[in-house]
Amino acid sequence: ITVKNSGKGNAQNVQVSDQLASILEFVSAVPSGVYNLSTGIWNAGTINAHDSASLEIKVKVNFGNASAPTYDFGAASEFNLFVLDTLVQPSSDTEGKVAVGGYADLRNYSVGDKLPVNSGNVLVVGNHLTFISGRVYNGKAIYGNFITSTTGFSADDGIEKDSVIDFGAAKIHLINLSNQLSALTPTDTVKFEYGHVELVGHNNVENVFYVDGAMLSTANNFTVDVPNNSTAIVNVSGNFVEWMGGCNVIGTTKEKVLINFFEADTLKLHGINVTASILAPKSVLDFSAGLVTGQVMVRCMFGAGQYNNSMFDGTITGGSSIANFATIVSATQSSMPSLIDVPASMARVTNKPDGATGVENDNVIPNEFNLLQNYPNPFNPTTTISFSLANDGFVNLTVFNITGEKVASLVNREYQTGNYTVEFNANDLPSGIYLYRLSAGNFVSTKKMILMK
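Note that the sequence shown covers residues 113 to 565 in our numbering.
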């Protein structure tokens, strides 16, 4: 495994995660720095600008129990909805357990009403919980640091301040899992006709499909048809995927279907009842209305979509091909310019974990304009805003407070086609909700972010 610093400044405290599949037995490691087998974290130390560091791991493959699941959801396994960063949901409900790593804003909301009594920690929020009018059924509500605006909010077994989930480790686990599943060899073909995506599999144990996200975004119906009691893994490509219309599972049960959006940073669901589980750990889920009957694992989620408690119980063995992916999880980089053009052919070492699985990929020129959700969110006092430009032109990126007053101008000049990242420092601004707007030609997009000091 090689990690390269392609930035202009030296990087300190570089950490890379490489969690081995359970079927691999560790033998030895030769790192530049220190590799911790128990955590899977490689501390690469300092990497100077344009320099690199390497880690060699030797393993032995053990097929002694080849029928056992090779992959699992880790800390997310028992949760109906698992959000790594921010959850904002007005007037909705989740039948099972909910976990949120950062900030949760829930209003007129219920959690856990289909769970048995004494179900333990039903709502877990790693940092800040805002809950107005609602109830946590059959268990406790847990928050990590702050709780505000609890008017009309109750939890059957109490509300407690505690830390029960390592969301940082969960994030690494889910991103690595998503990357590993994306490398599984497709076992069956995909049909697309008259707006209908049809996946037909014949394996009695595990069926793997690859679906182009652009194709799914234009579909009005989606069907998975595999043998009874078999597992279906559907890997969907694309940075932006929109999914609407019908969703049907034939042959097997919905509990054995997993949709893996392994590249998505934005996933939009509306007007749909998804009868499958969703894995999209790098993605912001825009779910204005609809229903998911299955587990959902995402980075952020906004909207009034509902979640029915149907837990994934498929068996994912991975066959005889074992994928290994490394992910940059942290770094401190000095002398960074305020605006950075990030070529898609390189994985840049930053202090924003981006799920990079290697240091080189094919060059990708954006074919559409896109403004991504800032990260982290909530933030204090800095956050990163990324956007894509499909054409050359004049670009304006401006930040407003909730009353519409302009508080910062981040970008205001000509740019070429490409992917860009801007760091916004709100050190001089008070805590609150802010809006950032990107204007590029006829494209205008606005998103919300939360400054929490």
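In this text, a Cβ means the ideal position worked out from N, Cα and C, and glycines have one as well.
Assignment of N492 by DSSP, reduced to helix, strand and coil, places it in the coil class.
Contact between the segment 379–389 and the segment 355–370 is established, with three or more Cβ pairs separated by less than 8 Å.
Runs of the beta strand (DSSP E) lying entirely within the segment 307–342 and spanning at least 3 residues, in chain order: 308–312, 318–323, 333–337. Each residue's CA atom was taken as its position, placing T364 and Q407 some 17 Å apart.
When the Cα atoms are used, S294 and G516 turn out to be separated by approximately 42 Å. Annotation: K283 is outside any beta strand (DSSP E); the continuous alpha helix (DSSP H) that includes it extends over 279–294. When the five nearest sequence neighbours on each side are left out, the beta carbons in the same chain lying within less than 6 Å of the beta carbon of S266 are those of R247, in order along the chain. DSSP, reduced to helix, strand and coil, places E305 within a strand of the structure shown. For L370, the enclosing beta strand (DSSP E) begins and ends at 369–373.
T494 is positioned such that its CB atom lies no closer than 8 Å to that of N486.
In the DSSP assignment, V229 falls outside any beta strand (DSSP E) and carries neither an H nor an E.
Burial is judged here by how many other beta carbons sit within 10 angstroms of a residue's own beta carbon; A401 has fewer than 16 and is exposed. The C-alpha of A253 lies about 21 Å from the C-alpha of M564. Remark: fewer than three beta-carbon pairs, one from each stretch, lie closer than 8 Å, so the segment 182–194 and the segment 254–274 are not flagged as touching.
Per DSSP, I135 is not a residue of any beta strand (DSSP E), being assigned neither H nor E. If only complete runs of 3 or more residues are kept, the segment 142–179 shows the beta strand (DSSP E) at 146–148, 153–159, 164–173, in order along the chain. With distances taken between CA atoms, N333 lies nearest to L311 out of L311, E318, T558.
Just so you know, the alpha carbons of L218 and A538 end up roughly 25 Å apart.
V336 is the residue among V336, K394, T301 whose C-alpha sits nearest the C-alpha of K366.
Minimum Cα-Cα distance from S422 among the listed residues A388, N148, V320, G530 corresponds to A388. Assignment of G363 by DSSP, reduced to helix, strand and coil, places it in the coil class. Straight across, the Cα-Cα distance linking G251 with S245 is about 17 Å.
Here A438 carries a coil assignment [DSSP, helix/strand/coil]. Comparing alpha-carbon positions, the option among F279, N351, N155, A344 lying closest to Y215 turns out to be F279.
Inter-residue distance for F499 and Y532 is about 5 Å (C-alpha atoms, whole angstroms). With a threshold of 16 other beta carbon atoms within 10 Å, P490 meets it and is buried.
For F374, the closest of C412, I384, S395, V361 by C-alpha to C-alpha distance is S395. Per the coordinates, the alpha-carbon of P339 lies some 27 Å from the alpha-carbon of A326. Around the C-beta of I284, 16 or more other C-beta atoms lie within 10 Å, and the residue is accordingly described as buried.
Listed as beta-bridge partners of T242 by DSSP are D217, T260. By the 16-neighbour rule on beta-carbons within 10 angstroms, Y306 is exposed. Taking C-beta separations shorter than 7 Å and ignoring five residues to either side along the sequence, the partners of Q418 in its chain run S204, D205, L403, following chain order.
The continuous beta strand (DSSP E) containing F265 extends over residues 265–267. Taking C-beta atoms as the reference points, V236 and L227 fail to come closer than 8 Å. Taking 8 Å as the cut-off, the Cβ atoms of A443 and N174 do not count as close.
Residue V346 holds the alpha-carbon nearest to the alpha-carbon of G426 among V410, C412, P393, V346.
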